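> My questions all concern the structure below.
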Amino acid sequence: MTAGKRRGRNEVRYSGPRFFLFFSCCHLHLTKNSKENLMRILPVVAAVTAAFLVVACSSPTPPKGVTVVNNFDAKRYLGTWYEIARLDHRFERGLEKVTATYSLRDDGGINVINKGYNTDREMWQKTEGKAYFTGDPSTAALKVSFFGPFYGGYNVIALDREYRHALVCGPDRD
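The structure is reproduced here in C-alpha cells:
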C-alpha cells in the first residue's frame, strides 16, 4: 500500500488500487470522498457482522438435556398449526392468532409460513422460510431459516399420537 502526497492538514490521498480493507481505515486519514464511501458501507459491514455473530452464537441443535421426538413422520406434521402458548420472542412479539403452515419443498425441505395478527398495527404479518432436517428425517430436529443462509433450531420435543398437539423449542431453553 502506498500513500500519495500530503494534500492538507492530516489528509493523505491513497494512490493504490481501489479496494477496501475494513481495518485499514483505522490507520489512514481518509479524504472526503473516502469518508462518504465509508459512511455508506459502514452500516452494511455492521449488519453483516451482527448477522455473523447471531449465527455463530446460535445452533440448530437441541438444547443440552432435551430429547427430540423419534419416529417422526414429516408428512403427518404438514399443514396448519395453531399456536396456543409461547414464550414471547422478538419475531412474534405483539402478535395474536399465530399460525404456522408447513408444506413440502421440491428440494426435500419444508416450506414454513408463519402468520399472526398485529393488534397495534391492526394488520396481519406473514413471514416465509424453509426448514431442513439436521440428520435422520425420523428425528424431529430441524434447522429453519427466515433470512438467507442463517438457520436456527426447530426441535419438536413432544407430540401426541394423532399429531394434533406439539411442543417445540429452539436451540436453547430461553
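Quick note, the sequence shown lines up with residues 4 to 177 if you use this note's numbering. Cβ atoms here follow ideal geometry from the backbone N, Cα and C, with glycine treated the same way. Bear in mind that the values here come from a model prediction, so they are computed numbers and not experimental data.
(1) Ordered along the chain, which non-local residues of its own chain (more than five positions away) have a Cβ less than 6 Å from that of PHE149?
(2) Check LYS78 in the structure and name its three-state DSSP category.
(3) Quick check: the Cα distance between ARG108 and TYR135, rounded to an integer number of angstroms?
(4) Can you have a look at ALA144 and say buried or exposed, based on whether 16 or more other CB atoms are within 10 angstroms of its CB?
(5) How is the beta strand (DSSP E) around ILE116 delimited, first residue to last?
(6) SER106 and ASN117 look like a contact to me (Cβ under 8 Å); what is the Cβ gap, rounded to whole Å?
(7) From the DSSP output, read off the bridge partner residues of TYR196.
(8) With a threshold of 16 other CB atoms inside 10 Å of the CB of ASN158, please say whether the residue is buried or exposed.
(9) Are the CB atoms of VAL101 and GLU86 nearer to each other than 9 Å?
(10) Would you kindly work out how many angstroms separate the C-alpha atoms of LEU162 and ASP76, rounded to a whole number?
(11) CB-CB under 6 Å to CYS60, same chain, minus the five flanking residues each way: which ones, in chain order?
(12) Leaving out five residues before and five after GLY97 in sequence, what residues of the same chain have Cβ atoms less than 8 Å from its Cβ?
(13) VAL147 to ALA103, Cα distance in whole Å?
(14) Write down the C-beta distance between GLY155 and GLY173 rounded to the nearest angstrom, noting that I regard them as a contact closer than 8 Å.
(15) What is the residue span of the beta strand (DSSP E) that SER141 lies within?
(16) Could you please give the first and the last residue of the uninterrupted beta strand (DSSP E) stretch that includes THR104?
(17) What do you reckon, are the CB atoms on TYR166 and ARG79 nearer than 9 Å?
Inspection of the coordinates gives the following:
(1) THR130, GLY132
(2) helix
(3) 10 Å
(4) ALA144 comes out buried.
(5) 113 to 121
(6) Not a contact, Cβ separation roughly 13 Å.
(7) Within the shown structure, residues of the chain are numbered from 4 to 177, placing residue 196 beyond reach of any answer.
(8) buried
(9) Contact: yes.
(10) One C-alpha to the other measures close to 11 Å.
(11) Residue placement at CYS60 is poorly supported in this model, since its pLDDT is 45, which falls under 50; the coordinates still yield a value, given next. Cβ contact annotation for CYS60 (same chain, cutoff 6 Å, sequence separation greater than five): none.
(12) Apart from the 5 residues on each side of it in sequence, GLY97 sits with its Cβ closer than 8 Å to the Cβ of ASN121, THR122, ASP123 in its chain, given in chain order.
(13) 12 Å
(14) 6 Å
(15) Counting along the chain, SER141 falls outside any beta strand (DSSP E), and DSSP gives it neither H nor E.
(16) Looking at the DSSP string, the run of the beta strand (DSSP E) that includes THR104 is 98 to 107.
(17) For TYR166 and ARG79, yes; Cβs fall inside 9 Å.
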